[in-house]
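This report refers to the structure that appears directly beneath it.
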Amino acid sequence: MEHDRAEIQTGYSAEEVLILLKDVLLRYLEEMKDARMAGEDSFVYGEQTAYTECLEFIRLWDRAAEHGLDFEIEERYPL
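Just so we're aligned, residue 40 is where the sequence shown starts under the working numbering, counting upward by one.
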C-alpha cells in the first residue's frame with residue numbers, strides 16, 4: 040500500500056483532510072479485503088483494526104454521511 044505523499048500538498052482545510060483520510064483508509068481496507076481472501080493475514084489484521092478504528096472516529100464528524108461514511112464500517116470490513 041503505497042502512500043501518495045508525492046501528490047499531497049499542504050494548506051488543506053480540516054474538511055478536506057477528513058475526506059482525504061477517509062478515502063485513503065477505505066482504499067486500504069478494500070486492498071486488505073483482497074489480501075485476506077488470498078490468505079495473506081499475518082499483519083493484515085492489525086492494520087485493518089487500526090484503519091477501522093480511525094474510520095469509526097471520522098464517522099463522529101457531523102458531515103461523515105454526506106461524504107460516504109453512511110454505513111457500519113465493521114459490517115463492511117469485519118475484523
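C-beta: ideal position from N, C-alpha, C; glycine also.
This one's a predicted model, so the numbers in the text were calculated from it and none came from an experiment.
State the Cα-Cα distance for the pair residue i and residue j, rounded to the nearest angstrom.
| i | j | result |
| --- | --- | --- |
| Lys72 | Ala103 | 22 Å |
| Gly107 | Trp100 | 12 Å |
| Glu111 | Phe82 | 23 Å |
Between residue i and residue j, which are expected to be in contact by the criterion C-beta below 8 Å, what is the C-beta distance as a whole number of angstroms?
| i | j | result |
| --- | --- | --- |
| Thr94 | Leu64 | Checking the displayed sequence, the identity of residue 94 turns out to be Leu instead of Thr. Yes, Leu94 and Leu64 are in contact; Cβ-Cβ is about 5 Å, under 8 Å. |
| Glu69 | Thr91 | Not a contact, Cβ separation roughly 12 Å. |
How would you call residue i, buried or exposed, if buried means at least 16 neighbouring beta carbons within 10 angstroms?
| i | result |
| --- | --- |
| Tyr84 | exposed |
| Gln87 | buried |
| Tyr51 | exposed |
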